[in-house]
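Chemist: Can you read through this structure? Questions will come right after.
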Amino acid sequence: MKIATYNVNGINGRLPVLLRWLGEAQPDAVCLQELKAPDERFPLAAIEAAGYGAVWHGQKSWNGVAILARGAKPVETRRFLPGNPDDTQSRYLEAAVNGIILGCLYLPNGNPAPGPKWEYKLDWFGRFARHAADMLKTGLPVILAGDYNVMPGERDVYKPERWTDDALFRPEVRAAYAGLIDAGWTDALRHLHPEERIYTFWDYLRNAYGRDAGLRLDHLLLAPAIAPRLRTAGVDRHVRGWDKSSDHAPVWITLAKP
DNA sequence: ATGCCCGCTTGCAGCGGA
C-alpha cells in the first residue's frame, strides 16, 4: 500500500499537475493540503474520473485539506482539531482508508515570529500534539501526514544558519516536533534515510529548485501499531520541476500488507 | 532590509505563502 502527502498550493490551479502525478505514481491514499478553494469548488468530477474517492474540508482563498483513496471513498472520522471551537481555519481532516486512520494536516506557517501568527502556530501545534497523544492511546494504526511547516533538524535545511529565527525552524517548533517522536511517532522518511539530505519544498523565488535550496516540511508520522509495516519512502522531487508545479513535491511511503 | 515567484480574490493590487 502506497500513501502520499502533497501540498498542492491551489487544487484548481494545479489540477493538471495533480492528475498527471496521480496517474504516474498510483498512490492508494493521498493527503492534500492548501486546496485554496471553498467546498463547492472542489474538483470532485476530475478526481473521480482519475479513479479516486475523496473527502475534503475547504475554505475560500486559503488552507483547505482533502483525503483521496483509490477505488474507494474515505470514511471521514473528524474534520476539526479538538480544543478550540473558535478556530475556523480548514487545516485538519481525518478518515479511515483500508483499515488505516489517516490524519491530514496543514500546520500554520507562523511567520512573522514573534506575533499573532506565531502564537497561533504554537497553539495549533499544542492542540495537535494532544490529539496525537489521544490517537496513540487508542492503539490504532494511525498515520499523521501533511505539511507540518517545520524542518525537524539541521539536515532538513539547505542553509540552517539562515533559518534560526524563522517560524519554520525556531527551537519551539523543533522541540514540539521532537516531542511527537519522543511520544512514539515514527518519522517515516527520516527513519529509513537517517543521514540523507531530503527536501520536500523549494521556494519559487531565486531559482531555489535549480539550486536545490530546499526544505523538508512535509512529513508522514506512523503510530507504533503500523510502523513495523513501513517498507520504503521517498519524495517525487521531479514533480517540482514540472510546468505550473506547486512549490512542494509529493512525499510517499509504502507499507507491507497487514 | 526588500524583492525576487505564485495563486487567490464579490479581483486588475494586495495578501499570504515559507
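When you line the first sequence up against our numbering, it's residues -11 to 246, in that order. Idealized CB from N, CA, C, for every residue including glycine.
1. Could you give the residue range of the beta strand (DSSP E) that holds TYR40?
2. Rounded to whole angstroms, how far is the Cβ of LEU56 from the Cβ of PRO31, which I believe are closer than 8 angstroms?
3. In its own chain, which residues sit with a C-beta less than 6 angstroms from the C-beta of LEU93, not counting the 5 before and 5 after it?
4. Suppose you measure from the CA of GLY114 to the CA of LYS147; what does that come to, to the nearest Å?
5. Return the bridge partner residues of LEU64 from the DSSP annotation.
6. With a CB to CB cut of under 6 angstroms and the five nearest residues on each side skipped, what residues in its chain are close to TRP44?
7. In terms of alpha-carbon separation, which member of ASP235, ALA244, TRP240 and VAL161 lies closest to GLU12?
8. How far does the beta strand (DSSP E) with TYR(-6) in it reach, from first residue to last?
9. Measuring straight from C-alpha to C-alpha, what distance separates LEU132 and ASP175?
10. Going by alpha carbons, who is nearest to LEU208 out of VAL223, THR152, ARG194 and ASN72?
11. Go ahead and label HIS119 buried or exposed: buried means 16 or more other beta carbons lie within 10 angstroms of its beta carbon, across all protein chains shown.
12. Restricting to runs no shorter than 3 residues, where is the beta strand (DSSP E) found entirely within the segment 173 to 210?
13. Look at the alpha carbon of ALA164 and the alpha carbon of PRO102, and state the distance between them as a whole number of angstroms.
Modeler: So, from the listed chains and residues:
1. Locating residue 40 in the first sequence gives position 52, where the first residue counts as 1. Unbroken beta strand (DSSP E) run through TYR40: 40 to 45.
2. Translated into positions along the first sequence, residue 56 becomes position 68. Translated into positions along the first sequence, residue 31 becomes position 43. About 11 angstroms separates the CB atoms of LEU56 and PRO31; that is not less than 8 angstroms, and the two are not in contact.
3. Here residue 93 is taken as the residue at index 105 of the first sequence, counted from 1. If you ignore the 5 residues before and after LEU93, its C-beta comes within less than 6 angstroms of the C-beta of TYR80 and GLY134, all in its own chain and listed in chain order.
4. As a working note, residue 114 is residue 126 in the first sequence. As a working note, residue 147 is residue 159 in the first sequence. The straight-line gap from Cα to Cα measures roughly 27 angstroms.
5. Walking along the first sequence from the start, residue 64 turns up at place 76. Before going further, note that residue 64 is Glu rather than Leu in the sequence given. BP columns for GLU64 point to ALA83.
6. Taking the first sequence and counting its residues from 1, the one referred to as residue 44 is at position 56. Excluding residues up to 5 positions away in sequence, PHE30 and ALA54 lie with their Cβ nearer than 6 angstroms to the Cβ of TRP44 in the same chain.
7. On the first sequence, residue 12 is found 24 positions in, with the first residue counted as 1. For GLU12, the nearest C-alpha among the options comes from TRP240.
8. One-based indexing of the first sequence puts residue -6 at position 6. From DSSP, the beta strand (DSSP E) with TYR(-6) extends over -10 to -5.
9. As a working note, residue 132 is residue 144 in the first sequence. As a working note, residue 175 is residue 187 in the first sequence. Spanning the two alpha carbons is a distance of roughly 10 angstroms.
10. Residue 208 sits at position 220 when you count from the first residue of the first sequence. Out of VAL223, THR152, ARG194 and ASN72, the CA that lies nearest to the CA of LEU208 is found in VAL223.
11. Within the first sequence, the letter at position 131 stands for residue 119. Burial call: buried.
12. Runs of beta strand (DSSP E) with 3 or more residues, each lying fully within the segment 173 to 210, are found at 206 to 210, listed in chain order.
13. Position 176 of the first sequence holds residue 164. Position 114 of the first sequence holds residue 102. Approximately 17 angstroms, taken between the alpha carbons.
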